[in-house]
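*Asks:*
Numbering (the working numbering), first residue to last: 1304 to 1522.
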């Protein structure tokens, strides 16, 4: 039985910075968002009005930002202890105590490293909720790359520009209505960056955003 996992909380709001640019295909800037993970899968069942179910094509590891930061802190602590241990004379009475401390921190570091991702197995079905600002695209134009006789279609620059639409987004124009049961899709998930280099991210208030949903249609 396929396990159904809700990811609605991950995609509850897509691109809030574009909310005041209704109708525009302006892509998010690299200064404001960072790409976190790519997800491959296929549409499971008939898409609903507000979302669809995605069957994963591969295992998915979603990073947990708070635990990732704790893991990095523990790693730095571990490396620091290694240097301290190596700097001690071979006959120093402190070596045994430092070695015990080193083993404790290493165990803690390995535990954090194992827990810094949320794992979803291949074949799991995730519920994805889309918002109007989510970007849905086609891998190839709706008219296809070949004509009825099997010859390669030759598009002019203006035709390609029209098929792609504004915003310099990957793929070609599409809408949520183009989603169909069984389609292979490619999702790109983003997260907001810290407002400034010295500012810490707020993992608890920094959900994943569905950047682009690419429908992998046939040529």
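For each residue, glycine too, the CB sits at the ideal point set by N, CA and C.
Give me the residue from 1350, 1490, 1349 with the minimum Cα distance to residue 1437.
*Replies:* Closest option to residue 1437, Cα to Cα, is 1490.
*Asks:* Taking residue 1519 as the reference, which of 1465, 1464, 1408, 1445 has the closest Cα?
*Replies:* Considering only alpha carbons, the answer is 1445.
*Asks:* Using only alpha-carbon positions, find the residue among 1368, 1361, 1338, 1415 that is nearest to residue 1425.
*Replies:* That would be 1361, whose Cα lies nearest to the Cα of residue 1425.
*Asks:* Can you tell me whether residue 1440 is buried or exposed, with buried defined as 16 or more other CB within 10 angstroms of its CB?
*Replies:* Residue 1440 is buried by the Cβ-count criterion.
*Asks:* What would DSSP say about residue 1412, mapped onto helix, strand or coil?
*Replies:* Looking at residue 1412 - three-state DSSP - the assignment turns out to be helix.
*Asks:* Tell me, please, whether the CB atom of residue 1489 is closer than 8 Å to any CB atom in chain B?
*Replies:* No chain B appears in this structure, which consists of one protein chain only.
*Asks:* Going by C-alpha to C-alpha distance, which of 1387, 1412, 1411 sits closest to residue 1400?
*Replies:* When each option's Cα is compared against that of residue 1400, the closest is 1387.
*Asks:* Nearest to residue 1427 by CA position, among 1347, 1338, 1337, is which residue?
*Replies:* Ranking 1347, 1338, 1337 by Cα distance to residue 1427 puts 1347 first.
*Asks:* Do the CB positions of residue 1413 and residue 1384 come within less than 8 Å of each other?
*Replies:* Going by C-beta atoms, residue 1413 is not nearer than 8 Å to residue 1384.
*Asks:* What did DSSP end up calling residue 1360 once you bin it into helix, strand or coil?
*Replies:* It is coil, neither helix nor strand.
*Asks:* Which ranges does the alpha helix (DSSP H) cover as unbroken runs of at least 4 residues, wholly within the segment 1405-1488, from first to last along the chain?
*Replies:* Runs of the alpha helix (DSSP H) inside the segment 1405-1488: 1460-1467.
*Asks:* So what does DSSP say about residue 1372, is it helix, strand or coil?
*Replies:* Helix, per DSSP.
*Asks:* Measuring alpha carbon to alpha carbon, tell me which residue in 1447, 1432, 1469 is nearest residue 1516.
*Replies:* The shortest C-alpha separation from residue 1516 is found at 1432.
*Asks:* When we look at the beta-carbon of residue 1473 and count the other beta-carbons within 10 Å, is it buried (16 or more) or exposed?
*Replies:* Classification for residue 1473: exposed.
*Asks:* In this structure, does DSSP put residue 1386 in helix, strand or coil?
*Replies:* The answer is helix: DSSP assigns residue 1386 an H, G or I state.
*Asks:* Based on the DSSP secondary-structure assignment, which residues constitute the bridge partners of residue 1344?
*Replies:* Answer by DSSP bridge pairing, in chain order: 1359, 1488.
*Asks:* In the DSSP output, what is residue 1513 paired with across the bridge?
*Replies:* Looking at the DSSP assignment, residue 1513 forms a beta bridge with 1492.
*Asks:* Smallest Cα separation from residue 1488: which of 1338, 1350, 1421?
*Replies:* Of the candidates 1338, 1350, 1421, the one whose C-alpha sits nearest the C-alpha of residue 1488 is 1350.
*Asks:* Measure the alpha-carbon distance for residue 1343 versus residue 1484 and round it to whole angstroms.
*Replies:* Roughly 15 Å between the two C-alpha positions.
*Asks:* May I have the straight-line CA-CA distance separating residue 1521 from residue 1513, to the nearest angstrom?
*Replies:* C-alpha separation (whole angstroms): 23 Å.
*Asks:* Can you say whether residue 1477 is buried or exposed, counting buried as having 16 or more other CB atoms within 10 angstroms of its CB?
*Replies:* Looking at its Cβ environment, which holds 16 or more other Cβ atoms inside 10 Å, residue 1477 is buried.
*Asks:* In the DSSP assignment, what residue or residues form a beta bridge with residue 1391?
*Replies:* Per DSSP, none; premise fails for residue 1391.
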